[in-house]
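There are 2 protein chains.
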Amino acid sequence: MRFVSEQRFDDGVLERGFTLGEIPGILWTPGPASAPAPLILLGHPGGLHRMYPRLVARARHSAAEGYAAATIELPGSGDRPRSAAAEEARADLRRAVEAGEPVGDDIIDRLVLPLVDEAVPEWRAALDALLALPEIGGPVGYAGGVIAIGTRLAVVEPRLSAAVLFAGSFVPRRMFDEARQVTIPLLVLLQWDDEGNDRQRALDLFDAFGAEEKTLHANMGGHTGVPQFEADAGNRFFARHLT
Amino acid sequence: MRFVSEQRFDDGVLERGFTLGEIPGILWTPGPASAPAPLILLGHPGGLHRMYPRLVARARHSAAEGYAAATIELPGSGDRPRSAAAEEARADLRRAVEAGEPVGDDIIDRLVLPLVDEAVPEWRAALDALLALPEIGGPVGYAGGVIAIGTRLAVVEPRLSAAVLFAGSFVPRRMFDEARQVTIPLLVLLQWDDEGNDRQRALDLFDAFGAEEKTLHANMGGHTGVPQFEADAGNRFFARHLT
Chain G
5 MRFVSEQRFD
15 DGVLERGFTL
25 GEIPGILWTP
35 GPASAPAPLI
45 LLGHPGGLHR
55 MYPRLVARAR
65 HSAAEGYAAA
75 TIELPGSGDR
85 PRSAAAEEAR
95 ADLRRAVEAG
105 EPVGDDIIDR
115 LVLPLVDEAV
125 PEWRAALDAL
135 LALPEIGGPV
145 GYAGGVIAIG
155 TRLAVVEPRL
165 SAAVLFAGSF
175 VPRRMFDEAR
185 QVTIPLLVLL
195 QWDDEGNDRQ
205 RALDLFDAFG
215 AEEKTLHANM
225 GGHTGVPQFE
235 ADAGNRFFAR
245 HLT
Chain B
5 MRFVSEQRFD
15 DGVLERGFTL
25 GEIPGILWTP
35 GPASAPAPLI
45 LLGHPGGLHR
55 MYPRLVARAR
65 HSAAEGYAAA
75 TIELPGSGDR
85 PRSAAAEEAR
95 ADLRRAVEAG
105 EPVGDDIIDR
115 LVLPLVDEAV
125 PEWRAALDAL
135 LALPEIGGPV
145 GYAGGVIAIG
155 TRLAVVEPRL
165 SAAVLFAGSF
175 VPRRMFDEAR
185 QVTIPLLVLL
195 QWDDEGNDRQ
205 RALDLFDAFG
215 AEEKTLHANM
225 GGHTGVPQFE
235 ADAGNRFFAR
245 HLT
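Protein chains in written order, with my numbering: chain G, 5 to 247; chain B, 5 to 247.
Here you go:
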C-alpha cells in the first residue's frame with residue numbers, strides 16, 4: 005500500500021489516495037486521532053472518480069462519529085483494465101434495459117459472478133493493508149453496494165462485524181445460497197421505486213440472509229435517492245455493532 | 005375529560021388516568037413542563053390493562069424527548085361493553101387461526117371495519133380534549149397499531165402531522181383505497197416473521213400509502229418482538245416531522 009496524495013478537510017478529516025498494487029483507493033481518517041479508529045469499507049458500483057462526491061460525503065459523515073473509511077476501485081472500472089467478457093455482459097444488460105426487456109439470469113451471472121470472484125479477494129487484501137496502519141484498529145464494517153460483493157465478503161471475511169448493504173444491484177440466483185450463510189448483523193437499504201432494480205428479488209434476498217439481526221429500511225425514490233437520514237441510521241447501526 | 009388518577013415517575017413524567025365520557029384513557033406528560041409539549045397518540049390493539057407495561061415504556065421513552073403521549077381504550081376492549089357482532093367475528097378469527105386456515109376477507113371486514121368506524125371519532129374527540137389542556141400544544145403524531153385505525157385517522161384528521169404505524173393487524177381490502185389518500189409522512193414497522201400477519205399484504209399496504217415520505221422498517225422476530233432501537237427511530241422520525 006502506497007499513499008499517493010493527501011488533503012485535510014476543515015472538519016479535520018484526512019483524505020489519502022493510495023494504490024495497492026495496481027488498484028487505486030482512498031482512505032479517510034477522523035481528525036483528532038486518539039485511539040485506533042474502527043473501519044468502514046465503503047462499497048460502490050465502480051468508478052471512483054464518478055462516485056467521489058457521494059463517497060467523500062459518506063466518509064466524512066462516518067468520520068464525524070469516529071470511524072475511518074476506505075474504498076478501492078472495482079475490477080474493470082475507472083482506470084482499471086477492462087475484461088472483454090464483462091464488457092460484453094454490460095452491453096447485453098444495457099440492450100435489455102433499453103429495450104424494456106427483463107434482464108435474464110444469464111446476463112446477471114456473467115456480469116456479477118466474475119466481479120464478485122475478483123473483487124472480494126481485493127477487498128480482503130486492502131483490509132490486510134489498512135488494519136496494518138497504526139491509526140486503524142478493528143472492528144470492521146462494510147457499507148454500500150455492490151450487495152453481491154458485500155454478501156460474499158460477509159461470508160468469507162471473519163474480520164467483518166456488521167454490514168449496511170444497498171439493495172441496488174443485480175444479484176445472481178446462486179448468491180442466495182451464500183446469503184443464507186451470512187450471520188453478521190445487517191441493515192439493508194432498499195429504494196422502493198428503484199427503476200433499475202427488481203423489488204421482489206431484493207425482498208427475497210433480504211428474506212434469505214441468515215443473520216439473526218437483520219433490518220430492512222425501504223424508502224421512496226429512485227436508485228440514487230437514499231434519504232440523508234439513512235446515513236445517520238447507518239452510523240447508529242455501526243455504533244451498536246462496531247464496539 | 006376527567007382525570008381520575010395521578011402518579012409521577014422518578015424521571016419526572018406525570019401519568020394521569022382519565023375518562024372521556026365512558027372511555028378510559030391515560031395521559032403522560034414530560035417532567036419539567038416549560039412550553040406546551042407536542043403530542044403522540046399511542047395506538048394499541050385494545051386492552052389498556054394488558055398493554056400497560058408496553059404503553060408506559062413507549063410513553064416515557066417519548067417523554068424523554070419532550071413529547072406528551074396519550075392513549076384511550078378501544079371500543080369492545082378492556083372494561084368497555086362488547087358488541088355481539090365483533091365478538092362473533094373475533095371467534096371466527098380464532099377458529100380460522102387455530103385450524104391453520106387463511107383468515108378470509110369477510111372475517112377481517114366484520115372485525116376491523118366497525119372498529120375503525122367507531123374508534124376513529126373517539127380518538128378525534130380525545131384529541132379535542134387533550135389539545136385543550138394548557139400543557140399540550142401541537143403538532144400531533146400517531147404511533148402504534150391498529151394500522152387500519154391509524155390509516156383512517158391519517159386521512160380524516162387534519163391535525164395529525166406524521167404517523168408511525170405497526171403493520172401488525174388485519175387490514176380490510178377497502179382500506180387500501182384510504183391508504184392511497186394518506187399524504188402525511190409515515191414510518192411503517194413490520195415484523196418480518198410475524199406469525200399472525202400476512203407479510204405480502206403488509207408490503208402491499210406500504211406500497212399503497214400515498215405519502216411522499218414513507219419508510220418501512222422490517223425486523224426479525226414475531227409480533228411483539230419489535231427491537232428497542234425502533235423506539236429511538238420513532239423518536240427521531242417525530243423529531244423530523246413534529247416541529
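Each residue gets a CB set at the ideal place from its N, CA and C atoms; glycine is no exception.
Quick check on the burial criterion: 16 or more other C-beta atoms within 10 angstroms. Buried or exposed for residue i?
i                : result
Glu199 (chain B) : exposed
Tyr56 (chain B)  : exposed
Glu216 (chain G) : exposed
Pro125 (chain G) : exposed
Phe7 (chain B)   : exposed
His221 (chain G) : buried
Thr219 (chain G) : buried
Gly108 (chain B) : exposed
Gly104 (chain G) : exposed
Thr228 (chain G) : exposed
Ala243 (chain G) : exposed
Ala147 (chain B) : buried
Ala61 (chain B)  : exposed
Ala206 (chain B) : buried
Ala237 (chain G) : buried
Just to check my reading of the structure: residue i and residue j have Cβ atoms closer than 8 Å, yes? What is that Cβ distance to the nearest angstrom?
i                : j                : result
Leu246 (chain B) : Gly154 (chain B) : About 15 Å separates the two Cβ atoms, so there is no contact after all.
Gly141 (chain B) : Pro40 (chain B)  : 3 Å
Val159 (chain B) : Glu182 (chain B) : 5 Å
Leu190 (chain B) : Phe213 (chain B) : 6 Å
Met5 (chain B)   : Ala95 (chain B)  : 34 Å between Cβ atoms; not a contact.
Ala90 (chain G)  : Leu119 (chain G) : 7 Å
Asp197 (chain G) : Gly226 (chain G) : 6 Å
Ile76 (chain B)  : Ala130 (chain B) : 5 Å
Arg128 (chain B) : Glu102 (chain B) : That pair is no contact at about 36 Å.
Name, in chain order, the residues that DSSP records as bridge partners for residue i.
i                : result
Leu18 (chain G)  : G:Arg12 and G:Thr33
Gly148 (chain G) : G:Gly47 and G:Leu169
Leu191 (chain G) : G:Val168 and G:Thr219
Leu24 (chain B)  : B:Ile27
Phe7 (chain B)   : B:Phe22
Ala41 (chain G)  : G:Ile140
Thr75 (chain B)  : B:Ile30
Short of 8 Å in beta carbon distance, which residues of its chain neighbour residue i, apart from the five on each side in sequence? Order them along the chain.
i                : result
Val230 (chain B) : Phe170, Leu193, Gln195 and Asn223
Ala123 (chain G) : Leu78, Pro79, Val150 and Ile153
Phe241 (chain B) : Ala166, Val168, Pro189, Leu191 and Thr219
Thr23 (chain G)  : Met5, Arg6, Val8 and Gly29
Arg163 (chain B) : Leu131, Leu135, Gly142, Pro143 and Val144
Asp15 (chain B)  : Gly35, Arg64, Ala67 and Ala68
I'd like the list of long-range same chain contacts for residue i, defined as Cβ closer than 7 Å, with 5 residues on each side in sequence excluded.
i                : result
Ser165 (chain G) : Pro143, Val144, Gly145, Ile188, His245 and Leu246
Met179 (chain B) : Ala152 and Thr155
Val186 (chain B) : Thr155, Ala158, Val159, Phe213, Gly214 and Ala215
Ile111 (chain B) : Ala93, Asp96, Leu97 and Ala100
Ala235 (chain B) : Arg62 and His65
Gly51 (chain G)  : Ser81 and Gly82
CB-CB under 6 Å to residue i, same chain, minus the five flanking residues each way: which ones, in chain order?
i                : result
Arg67 (chain G)  : Just to set this straight, residue 67 (chain G) is Ala in the shown sequence, not Arg. Excluding residues within five positions, the ones whose Cβ falls inside 6 Å are Val17, Trp32 and Pro34.
Glu10 (chain G)  : Arg20
Arg114 (chain B) : Ala93
Ala73 (chain G)  : Trp32, Ile44, Leu46, Ala63 and Ser66
Arg184 (chain B) : Ala212 and Gly214
Pro42 (chain B)  : Tyr71, Pro143 and Leu246
Asn239 (chain G) : Glu69
Asn201 (chain B) : Gly172
- Message: Would you call the segment 17-32 of chain B in contact with the segment 80-88 of chain B, where contact means no fewer than 3 C-beta pairs closer than 8 Å?
- Response: yes
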